[in-house]
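Undergrad: One structure, pasted below without further comment.
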Amino acid sequence: MSIVALDVNGRVRSTEAEPDSPLLYVLRDNLELPNPRFGCGLGQCGACTVLVNGDAVRSCMMPVTAAVGKKIVTLDGLGTPERPHPVQQAFIDEQAFQCGYCMNGWVLVSKVLLEKNPSPTDQEIRRGLDGLICRCGSHTAVLGAVRRAADAMKKGGRA
Amino acid sequence: MTSPSHLSRREFVKSAGGLIVGFSMAGPLADVLLAQGSPQVAPAVPPPVGLPLAKIDSWIRIAPDGAVTVCTGKIEVGMGVNVALSQIVAEELGVPMNRVTMLMGDTSGTPDQGGVGASNSIASGGAALRNVAATVRGLLLDAGSRRLGVPVDQLSIENGVINSKAAPGRSLSYGELVRDAAFDQELKVTGSGFTLNVQGSGTPKSPANYSIVGTSVKRTDIADKMFGRFKYVVDVRVPGMLHGRVLRPPSAGAQVLSVDDSAARRVTGFVQTVVKGNFVGVVATSEWSAVKASRAVKVNWNTPAEVFPEQRDLYAHMRAAEPKASRPPVKRGDASAAMDRAVRRVEAVYEYPFHSHATMGPGCAVADVQPTGTTTVWCGAQKPHAVQRGYADLLGVPPDRVRVVWTADSGSYGRPGFDDVGADAIILSQAVGKPVRVQWMRGDLTGWGPKGPAAVFELKAGLDAEGKICGAQFTSKAFSGGEINFIPTAKGNFLGAQLMGLPNTSGFDEFCEWGTPGGGAAPYEIADLLSTAHVIPPLHATPSPLAGTHLRDPNGPSTSFAVESFMDELAAAAGADPIQFRTQHLTDARARAVLAAAAEKFGWQARPSPQRARQGNVVTGRGAALGIRGGTYVGNVAEVEVDRSTGVVRVVRYVMAHDCGLIINPLGLTQTLQANVVQTLSRTMTEEVRFDRKSVTSVDWATYPVSRMSDVPPAIDIVLVNRPEVAATGAGEAGSRALAAAVANAIFDATGARLRQVPFTAAKVKAAL
Numbered sequence: 302m303s304i305v306a307l308d309v310n311g312r313v314r315s316t317e318a319e320p321d322s323p324l325l326y327v328l329r330d331n332l333e334l335p336n337p338r339f340g341c342g343l344g345q346c347g348a349c350t351v352l353v354n355g356d357a358v359r360s361c362m363m364p365v366t367a368a369v370g371k372k373i374v375t376l377d378g379l380g381t382p383e384r385p386h387p388v389q390q391a392f393i394d395e396q397a398f399q400c401g402y403c404m405n406g407w408v409l410v411s412k413v414l415l416e417k418n419p420s421p422t423d424q425e426i427r428r429g430l431d432g433l434i435c436r437c438g439s440h441t442a443v444l445g446a447v448r449r450a451a452d453a454m455k456k457g458g459r460a
Numbered sequence: 063m064t065s066p067s068h069l070s071r072r073e074f075v076k077s078a079g080g081l082i083v084g085f086s087m088a089g090p091l092a093d094v095l096l097a098q099g100s101p102q103v104a105p106a107v108p109p110p111v112g113l114p115l116a117k118i119d120s121w122i123r124i125a126p127d128g129a130v131t132v133c134t135g136k137i138e139v140g141m142g143v144n145v146a147l148s149q150i151v152a153e154e155l156g157v158p159m160n161r162v163t164m165l166m167g168d169t170s171g172t173p174d175q176g177g178v179g180a181s182n183s184i185a186s187g188g189a190a191l192r193n194v195a196a197t198v199r200g201l202l203l204d205a206g207s208r209r210l211g212v213p214v215d216q217l218s219i220e221n222g223v224i225n226s227k228a229a230p231g232r233s234l235s236y237g238e239l240v241r242d243a244a245f246d247q248e249l250k251v252t253g254s255g256f257t258l259n260v261q262g263s264g265t266p267k268s269p270a271n272y273s274i275v276g277t278s279v280k281r282t283d284i285a286d287k288m289f290g291r292f293k294y295v296v297d298v299r300v301p302g303m304l305h306g307r308v309l310r311p312p313s314a315g316a317q318v319l320s321v322d323d324s325a326a327r328r329v330t331g332f333v334q335t336v337v338k339g340n341f342v343g344v345v346a347t348s349e350w351s352a353v354k355a356s357r358a359v360k361v362n363w364n365t366p367a368e369v370f371p372e373q374r375d376l377y378a379h380m381r382a383a384e385p386k387a388s389r390p391p392v393k394r395g396d397a398s399a400a401m402d403r404a405v406r407r408v409e410a411v412y413e414y415p416f417h418s419h420a421t422m423g424p425g426c427a428v429a430d431v432q433p434t435g436t437t438t439v440w441c442g443a444q445k446p447h448a449v450q451r452g453y454a455d456l457l458g459v460p461p462d463r464v465r466v467v468w469t470a471d472s473g474s475y476g477r478p479g480f481d482d483v484g485a486d487a488i489i490l491s492q493a494v495g496k497p498v499r500v501q502w503m504r505g506d507l508t509g510w511g512p513k514g515p516a517a518v519f520e521l522k523a524g525l526d527a528e529g530k531i532c533g534a535q536f537t538s539k540a541f542s543g544g545e546i547n548f549i550p551t552a553k554g555n556f557l558g559a560q561l562m563g564l565p566n567t568s569g570f571d572e573f574c575e576w577g578t579p580g581g582g583a584a585p586y587e588i589a590d591l592l593s594t595a596h597v598i599p600p601l602h603a604t605p606s607p608l609a610g611t612h613l614r615d616p617n618g619p620s621t622s623f624a625v626e627s628f629m630d631e632l633a634a635a636a637g638a639d640p641i642q643f644r645t646q647h648l649t650d651a652r653a654r655a656v657l658a659a660a661a662e663k664f665g666w667q668a669r670p671s672p673q674r675a676r677q678g679n680v681v682t683g684r685g686a687a688l689g690i691r692g693g694t695y696v697g698n699v700a701e702v703e704v705d706r707s708t709g710v711v712r713v714v715r716y717v718m719a720h721d722c723g724l725i726i727n728p729l730g731l732t733q734t735l736q737a738n739v740v741q742t743l744s745r746t747m748t749e750e751v752r753f754d755r756k757s758v759t760s761v762d763w764a765t766y767p768v769s770r771m772s773d774v775p776p777a778i779d780i781v782l783v784n785r786p787e788v789a790a791t792g793a794g795e796a797g798s799r800a801l802a803a804a805v806a807n808a809i810f811d812a813t814g815a816r817l818r819q820v821p822f823t824a825a826k827v828k829a830a831l
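In order, the protein sequences belong to chains Z and U.
Per this note's numbering, numbering through the first sequence is continuous, rising by one, with the last residue being 460.
Per this note's numbering, numbering through the second sequence is continuous, rising by one, with the last residue being 831.
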């Protein structure tokens with residue numbers, strides 16, 4: 302066990318963890334940030350996605366020590382209920398999920414995608430989100446949400 | 063505060079600052095309200111069991127501030143059914159939606175409505191709630207009438223306030239009424255589980271007067287989930303809780319010879335290895351310790367015989383297998399004689415694979431087994447009251463010693479492993495004497511979770527000189543979808559128990575039927591029909607990684623794939639347009655209407671399949687299919703592009719016309735159906751559980767691929783056919799039923815090649831061209 306200090310959602314927090322522990326378990330169990338969720342533990346589905354230095358990362362595959370000194374943002378840290386990030390708002394407005402378990406990957410990867418490409422074509426959205434899995438099949442509503450988010454961000458929402 | 067169960071209900075309600083409609087003695091309400099929204103609170107006393115179903119407040123309660131709590135044994139697994147049920151209650155009571163809170167699936171505080179299944183939450187669960195709400199409204203109106211001195215017919219209700227029509231300002235809120243008086247009425251209880259209904263003196267509103275039902279009220283859980291305010295079962299934390307992982311056998315039938323956990327013991331946080339028969343698990347103080355310890359445990363398994371056939375031989379094995387059970391055949395007229403008279407005969411066989419639920423969350427549960435046997439389990443099983451009895455059976459205690467707190471897992475689609483992971487948590491908690499949270503790893507679910515069963519079909523029919531069906535024969539042979547009973551009331555139902563050596567005694571034979579009321583495909587008007595259904599023995603007795611159970615629309619997608627493909631083959635042989643051909647064999651107006659609605663939305667041009675202009679490498683076609691399930695009607699039209707050089711099929715458009723009677727929430731229904739189209743397309747185009755001679759080899763998303771964003775059709779058009787005069791029937795699952803056939807029929811239309819085996823992979827399509 303060793304003490305690791307993590308910068309999560311703008312706050313540095315220290316916790317005792319096994320150095321080889323995946324970031325996911327430390328976020329969920331030690332820091333009680335429930336949003337990144339265990340889906341496969343293999344980096345295949347995206348349910349555990351968080352932002353690390355602005356990149357969408359699968360926290361089930363990243364050792365916690367590799368995240369030290371980097372800025373980690375979880376889905377709930379992207380905005381607040383009172384002031385949601387435009388991508389969050391778009392997914393809420395489109396009611397874009399069925400069970401919502403996989404939400405972290407779709408929202409966070411969409412955010413990164415729209416930062417890099419503010420006006421994606423449908424095909425670019427599809428390709429950009431192809432690494433994610435939603436078993437309920439909410440893809441149609443998700444597509445609508447990403448389009449809505451792109452519009453909102455172009456109209457002056459923050460990116 | 064005194065332990066709430068020692069208070070009378072009236073005292074509790076006072077102390078909690080609330081008052082309820084109706085009274086019954088002590089108990090469940092108090093516990094539940096205290097624990098509500100706070101899964102960390104375990105009951106200090108044996109939890110009560112069996113809410114009095116005839117009591118109004120087992121269903122609906124109103125507090126002095128006007129807040130309405132609805133208690134239901136139904137649960138919400140992703141379709142927003144909680145919103146729809148709230149709409150039904152808000153409508154009858156005449157209160158705004160934001161005043162209604164749902165309490166779902168806690169065995170200590172909700173009536174046993176059979177849990178969720180068969181997409182019947184609104185049809186059966188909603189009917190009971192509607193009746194109770196109408197009765198509550200009537201009781202409140204009567205009381206308001208007395209208090210205001212105004213006849214009931216001179217009163218109106220708005221936003222939970224009773225107003226005098228004649229004298230504006232003379233009004234009483236529901237909150238005021240319940241503050242000062244008790245209300246109760248003995249409800250008439252009929253049926254149980256799925257068929258449970260209750261009836262009071264109240265008459266539900268006429269649909270013509272609905273203002274909330276039928277509107278697209280939005281869900282609030284998406285925002286809660288976005289901001290981490292929603293508790294999934296994976297988020298349940300109990301004081302003193304340990305973490306468990308399980309180790310499954312490497313092959314079906316493998317037995318533990320010995321276990322060496324010396325390396326696991328050196329893992330920081332290791333607590334205990336638990337071995338009971340062939341059940342192996344480890345418990346540790348943290349998740350990561352549990353994962354590492356589970357990897358460090360060395361289990362010496364024996365090497366059983368090769369129990370499964372080669373996968374490529376599966377369907378030959380099934381056709382050759384001696385039936386385990388056969389349903390009495392459906393016989394109408396004389397199919398054989400009629401086919402002898404036919405001018406043309408058509409025969410075909412169809413094959414449908416094993417599918418996995420492959421839920422996003424592989425399964426998680428927390429169990430707290432007290433030394434006395436009193437137990438609380440937090441899990442996402444679809445039938446909380448049934449697993450309560452199953453877990454009690456496993457523990458050897460009466461059901462009233464077990465409380466199951468249903469807590470949302472990911473979407474579940476039937477009976478995945480969510481019931482089993484709860485049993486694993488019980489076994490481990492009992493062994494270590496502490497609360498244990500078990501998180502299944504991916505392979506525990508995809509590999510060892512129960513499966514949707516494989517099926518083979520043989521169909522034969524004749525056509526007469528007019529191109530109408532002249533005799534038909536249907537024969538199915540399938541593994542039973544009841545090998546793992548979807549109502550898990552017995553200990554042997556659970557995988558962990560089976561691995562411990564307990565026999566699975568609750569399995570039953572479930573058939574892929576056609577021509578029976580509950581059949582898996584649309585019934586057509588065929589004068590001479592012989593329909594036979596067989597169940598064949600499982601490839602390996604439970605515990606097995608290929609055990610059949612309920613997966614979304616049990617037996618529907620397979621049976622309808624066969625029947626609706628065959629109808630298309632008959633239409634082609636008759637040189638008829640596929641929709642017209644179906645319509646010629648249908649008298650049911652609603653069935654004809656959904657086909658017509660889908661055709662109209664699609665812009666269907668009547669002509670026989672296949673299309674003639676097959677020029678170029680990429681060819682286009684359209685196919686139709688009809689799905690009927692539990693009184694719900696679905697017309698399907700798929701449009702595909704087939705790349706003839708690669709065999710890759712793209713579904714470019716899907717139209718679904720859906721008639722489930724009265725629609726409660728059009729937006730929720732539309733999104734549920736869109737998702738159903740995507741999921742069923744995935745099952746149709748991609749999914750197939752892989753196995754070798756010893757075990758299932760589909761263990762993760764790489765070995766059990768599902769559809770990705772790029773596979774999803776650019777256009778999914780849902781046409782809702784609303785029939786307010788018809789009681790709502792199950793919505794959602796019916797949409798899964800005929801989709802595979804619609805796609806197969808579209809591929810045939812595009813290419814002239816007939817796909818008779820799901821999934822329609824590029825290799826299979828190319829081989830068929």
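Backbone N, C-alpha and C fix where the C-beta goes; we use that ideal spot for every residue, glycine too.
1) Please check the pair residue 437 of chain Z and residue 741 of chain U, which I expect to be a contact at CB under 8 Å, by giving their CB distance rounded to whole angstroms.
2) Find the nearest neighbour of residue 325 of chain Z within the set Z:382, Z:338, Z:377, judged by alpha-carbon distance.
3) Check whether the Cβ of residue 434 of chain Z lies closer than 7 Å to any Cβ atom in chain U.
4) For residue 656 of chain U and residue 793 of chain U, what's the separation of their Cα atoms in angstroms?
5) Taking only beta-carbon positions, decide if residue 462 of chain Z is within less than 7 Å of chain U.
6) I'd like the span of the beta strand (DSSP E) that includes residue 361 of chain U, first residue to last.
7) Can you tell me which of the three DSSP states residue 323 of chain Z falls into?
8) Quick one, which residues of the region 429 to 458 of chain Z are near chain U if we go by CB-CB under 9 Å, in chain order?
9) Counting Cβ pairs closer than 8 Å, one from the region 742 to 757 of chain U and one from the region 690 to 699 of chain U, do we hit at least three?
10) With DSSP collapsed to three states, give me the class of residue 647 of chain U.
11) So what does DSSP say about residue 419 of chain U, is it helix, strand or coil?
12) Checking contacts by CB at 7 Å: is residue 101 of chain U closer than that to chain Z?
13) Does the count of Cβ pairs from the region 348 to 355 of chain Z and the region 261 to 275 of chain U closer than 8 Å reach three?
14) Closer than 9 Å between beta carbons: that is the criterion. Which residues of the region 343 to 364 of chain U meet it against chain Z?
15) Using only CA atoms, which one of Z:384, Z:328, Z:332 lies nearest to residue 362 of chain Z?
16) Could you have a look at residue 395 of chain U and say whether DSSP puts it in helix, strand or coil?
17) For residue 539 of chain U, count neighbouring Cβ atoms within 10 angstroms of its own Cβ and tell me buried if that reaches 16, exposed if not.
18) Smallest Cα separation from residue 548 of chain U: which of U:480, U:191, U:502, U:598?
19) Among all the DSSP beta bridges, which residues are the ones paired with residue 364 of chain Z?
20) Who are the Cβ neighbours of residue 99 of chain U in its own chain at under 7 Å, not counting the five residues just before and after it?
21) Should the region 421 to 430 of chain Z be regarded as contacting the region 729 to 738 of chain U, the criterion being three or more beta carbon pairs within less than 8 Å?
22) Give the C-beta separation of residue 178 of chain U and residue 139 of chain U to the nearest angstrom, bearing in mind that I take them to be a contact with Cβ-Cβ under 8 Å.
23) For chain Z, find out if any of its Cβ atoms is closer than 7 Å to the Cβ of residue 511 of chain U; answer yes or no.
24) Relative to the C-alpha of residue 121 of chain U, which candidate in U:751, U:433, U:193 has its C-alpha closest?
25) Which residues in the same chain have their Cβ closer than 7 Å to the Cβ of residue 279 of chain U, if we skip the five residues on either side of it in sequence?
26) Between the region 393 to 411 of chain Z and chain U, which residues of the former have CB atoms less than 8 Å from a CB of the latter, in chain order?
27) Indicate the three-state DSSP secondary structure (helix, strand or coil) for residue 626 of chain U in the structure shown.
28) Any heavy atom of the ligand MN inside 6 Å of the beta-carbon of residue 152 of chain U?
29) Determine, using beta carbons only, whether residue 361 of chain Z comes closer than 7 Å to chain U.
30) What number of angstroms, rounded off, separates the C-alpha of residue 729 of chain U from the C-alpha of residue 407 of chain Z?
31) Comparing the C-beta of residue 747 of chain U with each C-beta of chain Z, is any distance below 7 Å?
32) Leaving out five residues before and five after residue 817 of chain U in sequence, what residues of the same chain have Cβ atoms less than 7 Å from its Cβ?
33) Measuring straight from C-alpha to C-alpha, what distance separates residue 652 of chain U and residue 783 of chain U?
34) Going by CA-CA distance only, name the one from U:125, U:507, U:483 that's closest to residue 499 of chain U.
TA: In this structure, then:
1) Indexing the first sequence from 1 puts residue 437 of chain Z at position 136. Indexing the second sequence from 1 puts residue 741 of chain U at position 679. That belief holds up - the Cβ atoms of residue 437 of chain Z and residue 741 of chain U are roughly 7 Å apart, short of 8 Å.
2) If you number the first sequence from 1, residue 325 of chain Z lands on position 24. Closest by alpha carbon: Z:338.
3) As a first step, residue 434 of chain Z is located in the first sequence; it is residue number 133 there, counting from the start. Yes, residue 434 of chain Z lies at the interface with chain U (some Cβ there is under 7 Å from its Cβ).
4) Residue 656 of chain U sits at position 594 when you count from the first residue of the second sequence. Residue 793 of chain U sits at position 731 when you count from the first residue of the second sequence. Whole-angstrom Cα-Cα distance: 14 Å.
5) What is shown of chain Z runs 302 to 460, which leaves residue 462 of chain Z out entirely.
6) Mapped onto the second sequence, residue 361 of chain U falls at position 299. Its beta strand (DSSP E) spans residues 360 to 363.
7) On the first sequence, residue 323 of chain Z is found 22 positions in, with the first residue counted as 1. Residue 323 of chain Z falls in the strand class under three-state DSSP.
8) 429, 430, 431, 432, 433, 434, 435, 436, 437, 438, 439, 440, 441, 442, 443, 444
9) no
10) Counting from 1 along the second sequence, the entry for residue 647 of chain U is found at position 585. Three-state result, residue 647 of chain U: coil.
11) Locating residue 419 of chain U in the second sequence gives position 357, where the first residue counts as 1. Of the three classes helix, strand and coil, the one that applies to residue 419 of chain U here is coil, per DSSP.
12) Reading the second sequence from its first residue, position 39 is the one you call residue 101 of chain U. The pLDDT assigned to residue 101 of chain U is 35, lower than 50, so where the model puts this residue is not dependable, and the model offers no usable value.
13) no
14) 348, 349, 350, 351, 353, 354
15) In the first sequence, the residue the question calls residue 362 of chain Z occupies position 61. Looking at the Cα atoms, Z:328 is the closest of the given residues.
16) The residue you call residue 395 of chain U lines up with position 333 of the second sequence. Residue state, collapsed to three classes: coil.
17) On the second sequence, position 477 is the one that residue 539 of chain U refers to. Residue 539 of chain U comes out buried.
18) If you number the second sequence from 1, residue 548 of chain U lands on position 486. Here the closest residue by C-alpha is U:480.
19) Stepping through the first sequence from its first residue, residue 364 of chain Z is reached at position 63. Note: residue 364 of chain Z sits in a beta bridge opposite Z:323.
20) For the purposes of this step, residue 99 of chain U is taken as the residue at position 37 of the second sequence. Any reading at residue 99 of chain U must be qualified, since the residue scores a pLDDT of 35, below 50, and its modelled position is unreliable; no value is offered.
21) no
22) Numbered from its first residue, the second sequence carries residue 178 of chain U at position 116. Numbered from its first residue, the second sequence carries residue 139 of chain U at position 77. Indeed, because the Cβ distance is near 6 Å, the residues count as touching under 8 Å.
23) Taking the second sequence and counting its residues from 1, the one referred to as residue 511 of chain U is at position 449. For residue 511 of chain U, the answer is no, since every Cβ of chain Z falls outside 7 Å of its Cβ.
24) Mapped onto the second sequence, residue 121 of chain U falls at position 59. Out of U:751, U:433, U:193, U:193 has the C-alpha closest to the C-alpha of residue 121 of chain U.
25) As a working mapping, residue 279 of chain U is identified with position 217 in the second sequence. Excluding sequence neighbours, residue 279 of chain U sits near 145, 149, 159, 727.
26) 393, 396, 397, 398, 399, 400, 401, 402, 403, 404, 408
27) As a first step, residue 626 of chain U must be located in the second sequence, where it is residue number 564. If DSSP states are grouped into helix, strand and coil, residue 626 of chain U belongs with the helices.
28) Absence of the ligand MN is noted for the structure shown, with no ligands found whatsoever.
29) Along the first sequence, read from residue 1 onward, the residue named residue 361 of chain Z stands at position 60. Answer no: the Cβ-Cβ gap between residue 361 of chain Z and chain U never drops below 7 Å.
30) The residue labelled residue 729 of chain U in the question sits at position 667 within the second sequence. The residue labelled residue 407 of chain Z in the question sits at position 106 within the first sequence. Using only the alpha carbons, I get a separation of about 21 Å.
31) Indexing the second sequence from 1 puts residue 747 of chain U at position 685. Chain Z, which has no Cβ nearer than 7 Å to the Cβ of residue 747 of chain U, makes this no.
32) By one-based count along the second sequence, residue 817 of chain U stands at place 755. So the qualifying residues of the chain are 806, 809, 826, 827, 830.
33) Here the question's residue 652 of chain U lines up with position 590 in the second sequence. Here the question's residue 783 of chain U lines up with position 721 in the second sequence. Those two C-alpha atoms are separated by around 10 Å.
34) Counted from its first residue, the second sequence places residue 499 of chain U at position 437. For residue 499 of chain U, the nearest C-alpha among the options comes from U:483.
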